[in-house]
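In the working numbering, the protein residues as written are 21 to 416.
We treat Cβ as the ideally placed atom computed from N, Cα and C, and that holds for glycine.
Contents: one structure, followed by commentary.
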Ligand code: AMP
């Protein structure tokens, strides 16, 4: 099923191993890591390499520095978290490549030790997949392991370029993510129900189309559903809408009919007088959204309808909140859907930054079969695209 070599298919014993991790973690204003999930997810691969007495050289990006050094994007806070999780010192270099780093790894570093080099995006060559940067990174090691599923959709130097110079294999997280998401598409327990929300249709054009070939039921909620409701002829007041996507929405409603997919949209809406966390609110049927009001959550009947579909599912994929869940007055829909999914005995998979925040907010993280660490990468897989960071690894 996963047809790429992994660290278990190559001899890493007492080798120098360059590991691409995804430590693109959120930091607060004092540069503390506010969520260490991504660091924790890298531990199985790191522990395996420690057990095999490898020298471990970690590489990652963090945030969006524009190809130059920005203090707030240094990887130092992530390294400090890793040290706590492993109860082990990790040496951090403040640059990406230098002869001193290479010298240290070759001559001073012990086997089982870990070093981390600086945020790769401080160098413009990372994003442009610069061959020299890739070659320099590769020169530090004997083997390359990609465990950064969250970056697997990027053709960057540390993801794709480096594989031209070193034997390249997948880490445990990369393998698990790809296996689970591909099995959703290839062999889902039926009925397969997908729930998509979030603010924009335009972010999910390809995924909606591809899912309409795979799922039995597609539920749409949140900001993006208003473009579909408008396409069906409803008045949507001041709710967010992408008028240039109405034609696309009509096409998707047609495609659903043709493919015999049950396309479920909200039947009632929690509307607010203003786009404000404390706004006056009321629940109205979908054909009664008052002019000037904003749809900010699904209503009770929609919650019941969505819950019924969720309860009958064999597989559930969820991406995107169905309302402005960050505001307490408009969180009921997202909270109820998150709970319904976590109560279901189906295979449940969720992905996307806001979706994961919602799952964490309601303390449901351990009730999902799988929460994907890569929002963009998981979407691209579900769009049917080949991920360059996976394609470039060695075949089994
Ligand atoms: P996205 O970034 O596209 O995944 O969308 C996530 C955001 O969509 C969240 O921050 C939600 O607050 C927002 N959202 C969900 N429903 C609505 C809505 N009805 N109107 C405006 N924003 C919404």
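Among the options, nearest to residue i - alpha-carbon criterion
| i | options | result |
| --- | --- | --- |
| residue 163 | 145, 174, 254 and 183 | 183 |
| residue 93 | 351, 85 and 267 | 85 |
| residue 221 | 102, 197, 267 and 255 | 267 |
| residue 104 | 131, 63 and 137 | 63 |
| residue 114 | 78, 148 and 106 | 78 |
| residue 217 | 416, 149, 156 and 318 | 318 |
| residue 140 | 121, 116 and 330 | 116 |
| residue 234 | 261, 271 and 283 | 283 |
| residue 51 | 327, 30, 397 and 100 | 100 |
| residue 303 | 288, 293 and 144 | 288 |
| residue 252 | 272, 238, 242 and 243 | 272 |
| residue 53 | 98, 186, 200 and 294 | 98 |
| residue 404 | 128, 390 and 230 | 230 |
| residue 193 | 296, 151, 66 and 225 | 66 |
| residue 219 | 260, 406 and 370 | 260 |
| residue 55 | 195, 155 and 380 | 380 |
| residue 262 | 129, 224, 386 and 334 | 224 |
| residue 382 | 389, 313, 352 and 407 | 352 |
| residue 125 | 106, 151, 157 and 102 | 157 |
| residue 195 | 388, 386 and 29 | 29 |
| residue 32 | 46, 134 and 68 | 68 |
C-beta atoms of residue i and residue j nearer than 8 Å
| i | j | result |
| --- | --- | --- |
| residue 325 | residue 343 | no |
| residue 34 | residue 44 | no |
| residue 146 | residue 177 | yes |
| residue 42 | residue 168 | yes |
| residue 257 | residue 299 | no |
| residue 276 | residue 247 | no |
| residue 198 | residue 413 | no |
| residue 350 | residue 378 | no |
| residue 75 | residue 37 | yes |
| residue 209 | residue 366 | yes |
| residue 181 | residue 205 | no |
| residue 71 | residue 96 | no |
| residue 375 | residue 332 | no |
| residue 362 | residue 368 | yes |
| residue 399 | residue 227 | yes |
| residue 122 | residue 80 | no |
| residue 165 | residue 330 | no |
| residue 39 | residue 170 | no |
| residue 395 | residue 373 | yes |
| residue 301 | residue 290 | yes |
| residue 249 | residue 306 | yes |
| residue 391 | residue 364 | no |
| residue 142 | residue 89 | yes |
| residue 119 | residue 149 | no |
| residue 137 | residue 338 | no |
| residue 211 | residue 334 | yes |
| residue 293 | residue 347 | no |
| residue 255 | residue 309 | yes |
Heavy atom of the ligand AMP within 7 Å of residue i beta-carbon
| i | result |
| --- | --- |
| residue 219 | yes |
| residue 312 | no |
| residue 259 | yes |
| residue 343 | yes |
| residue 242 | yes |
| residue 340 | yes |
| residue 374 | yes |
| residue 320 | no |
| residue 346 | yes |
| residue 223 | yes |
Proximity test, residue i beta-carbon vs the ligand GDP heavy atom, cut-off 7 Å
| i | result |
| --- | --- |
| residue 316 | Absent from the structure shown: the ligand GDP. Ligands present: the ligand AMP. |
Presumed contact (8 Å Cβ cut-off) between residue i and residue j, rounded CB distance
| i | j | result |
| --- | --- | --- |
| residue 422 | residue 61 | No statement about residue 422 is possible, as the shown extent of the chain runs from 21 to 416 and does not include it. |
| residue 236 | residue 281 | 7 Å |
| residue 73 | residue 26 | About 18 Å separates the two Cβ atoms, so there is no contact after all. |
| residue 358 | residue 384 | 6 Å |
| residue 144 | residue 83 | That pair is no contact at about 15 Å. |
| residue 186 | residue 245 | Actually they are not in contact, since the Cβ atoms of residue 186 and residue 245 sit about 46 Å apart, beyond 8 Å. |
| residue 416 | residue 24 | 6 Å |
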